[in-house]
Each structure stands twice: as structure tokens, then as C-alpha cells.
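Working notes for the structure below.
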Amino acid sequence: MDMSILTANGIKKAYPLPGGELFWALKGINVEIPAGKLTILKGRSGSGKTTLMNIMSALDAPTEGEVFFDGQSVAELSEAQKTKLRRSGIGFVFQSVALIPIMTAMENVEYALRLAGWKNGRQERARECLEMVGLGKRLSHMPGEMSGGEQQRVAIARAIAHRPKIVFADEPTGELDTNTALQVVRIFKELNSSQGVTIVMTTHDRGFMEIGDKVYELEDGEIKGGQ
Ligand SMILES: Nc1ncnc2c1ncn2[C@@H]1O[C@H](COP(=O)(O)OP(=O)(O)O)[C@@H](O)[C@H]1O
Ligand SMILES: [Mg+2]
Numbered sequence: 076m077d078m079s080i081l082t083a084n085g086i087k088k089a090y091p092l093p094g095g096e097l098f099w100a101l102k103g104i105n106v107e108i109p110a111g112k113l114t115i116l117k118g119r120s121g122s123g124k125t126t127l128m129n130i131m132s133a134l135d136a137p138t139e140g141e142v143f144f145d146g147q148s149v150a151e152l153s154e155a156q157k158t159k160l161r162r163s164g165i166g167f168v169f170q171s172v173a174l175i176p177i178m179t180a181m182e183n184v185e186y187a188l189r190l191a192g193w194k195n196g197r198q199e200r201a202r203e204c205l206e207m208v209g210l211g212k213r214l215s216h217m218p219g220e221m222s223g224g225e226q227q228r229v230a231i232a233r234a235i236a237h238r239p240k241i242v243f244a245d246e247p248t249g250e251l252d253t254n255t256a257l258q259v260v261r262i263f264k265e266l267n268s269s270q271g272v273t274i275v276m277t278t279h280d281r282g283f284m285e286i287g288d289k290v291y292e293l294e295d296g297e298i299k300g301g302q
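Numbering-wise, the sequence shown is residues 76 to 302 according to the numbering used here.
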């Protein structure tokens, strides 16, 4: 039995429509995220992946249902506690990479550590993380001097640098070709084993499902299947 680090129970999310009616983007989702593993949320565009991920990462609140992180109800945290959780317990990777263009790979990761409140050892940790994602030879490259896949790997190094327990990656391979995408997913698997970090990623891609330790398939705001 896997230990779960995050549990979402009966998650529903309604967005108000212009006419005042509600649109139910999530219709009662139950998921369990195993600790130290790679979980993939797959589904077509509009199926509710980003909405669910934003709720799991405490960026957004559900209309109904509850999220437990490490056994703690997220709804019961104060705003300050939620901010602290997002800053120190969670890492984020997005589809559009959003590195700071005037900073080198090293500086981008080091800056994230500074924002996370790290006082010491930032350089060493930044280098270590860039080496982990295979960019040990690109430390002083600017984002504009790197390929899309390399930039995404810098973003991954940045997301894990502060040693979060869980990393949420929303369509991290969305703008990459198949081989580069596969490389990114393999890096996630390596980080599972070497860092013990839990990773949740979304994708609308049908490939590389077999790499996920757990897969949930979303369709119109409901879990349709998985493995
Ligand atoms: N802020 C919002 N207001 C209204 N509808 C939204 C909002 N965000 C998402 N939706 C709708 O909720 C559904 C799920 O969206 P989303 O979670 O972004 O799906 P996915 O990430 O799988 O593409 C879509 O129909 C989308 O149009
Ligand atoms: Mg999305």
C-alpha cells in the first residue's frame, strides 16, 4: 500500500456563468496522491485538470469537498498558513516556462531559493538541482540561449530547489515535442527516487501514460478511469 501525501474528497467546483447560472467544472472528484511517486492527471482540454490542480495546490478553494495535505485539512489553514504551505511545501511548474530572461539558469534557481527564504547554500543547491536535471553544463546560459526542453528543465530545477514535498506541473510538456516531453517525464521519475519528491502532472497527451505510477483520467469534471 502506498502512503498518500494528499487526498481530495468529493471535490466540486462551480464557476458562475454570465447569466448567473453555475457551470460545474468539477462534479465530485476523489483522488489520492501517493507520496514520492508520479501521478498523472490526463484529459482533454476543458476536462477540469487545471481547476483540480489549483484546488489541490491550495491556489483555489473548492465549492464543495475537502483537500487534506499530510493529513491536514487545507480549508482549516489560515491565509498565512496557506501561503507558507505554497512557498515551502509546494513547487510549481507551468506549461509556459516563465524563467526570468535576464538571469542565467543558475541565477533563476538561486533567485527562487532567495524568495523561499533560503539564507545559506543557495549557490550549491542551485548547481546541484541543475545537475540533477542534466544541465550541469548550462549553468551560465541565459534562457534565450537554451532550447524549450532545456528551459523547462531549468523550471523543474527551480521548482524542486527549496525541497518541497510535492510538485504540481500543469501541462509541463504541452509545448514540447514527443522526445523532449518524454525526457521531462523521465526526469520526474528520477526526482521521485533521488529526492523522494511527490509529483503530480497534467497532460492532454495520450503518450507516456505507462510511466505514471498512478493515472487518473478526467472527463467533463469527473474521473472516468485510470490505473
Ligand atoms: N475562471 C473560470 N470561469 C468560468 N469557467 C471556467 C474558469 N476556469 C475554467 N473554466 C471552465 O471550466 C472547465 C475546466 O477548465 P480547466 O480546469 O481549465 O480544464 P483543463 O485544464 O482540463 O483544460 C472548462 O470548461 C473551462 O472553460
Ligand atoms: Mg489546463
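Even glycine gets a Cβ: it sits at the ideal position worked out from N, Cα and C.
Mapping DSSP to helix, strand and coil, what is residue i?
{"i": "residue 175", "result": "coil"}
{"i": "residue 219", "result": "helix"}
{"i": "residue 158", "result": "helix"}
{"i": "residue 120", "result": "coil"}
{"i": "residue 148", "result": "strand"}
{"i": "residue 224", "result": "helix"}
{"i": "residue 283", "result": "coil"}
If you check the beta carbons only, do residue i and residue j fall under 8 Å apart?
{"i": "residue 101", "j": "residue 121", "result": "no"}
{"i": "residue 243", "j": "residue 275", "result": "yes"}
{"i": "residue 112", "j": "residue 133", "result": "no"}
{"i": "residue 116", "j": "residue 293", "result": "yes"}
{"i": "residue 166", "j": "residue 234", "result": "yes"}
{"i": "residue 128", "j": "residue 288", "result": "no"}
{"i": "residue 227", "j": "residue 259", "result": "yes"}
With a threshold of 7 Å (Cβ to nearest heavy atom), would residue i be considered close to ligand 4?
{"i": "residue 246", "result": "The model depicted lacks ligand 4 and carries ligand 1 and ligand 2 instead."}
Under the criterion of a Cβ to heavy atom distance below 7 Å, does residue i qualify as lining ligand 2?
{"i": "residue 179", "result": "no"}
{"i": "residue 255", "result": "no"}
Is any heavy atom of ligand 1 found at a distance shorter than 7 Å from the C-beta of residue i?
{"i": "residue 90", "result": "yes"}
{"i": "residue 98", "result": "yes"}
For residue i, write down the residues that DSSP places opposite it in a beta bridge.
{"i": "residue 83", "result": "106, 142"}
{"i": "residue 244", "result": "168, 276"}
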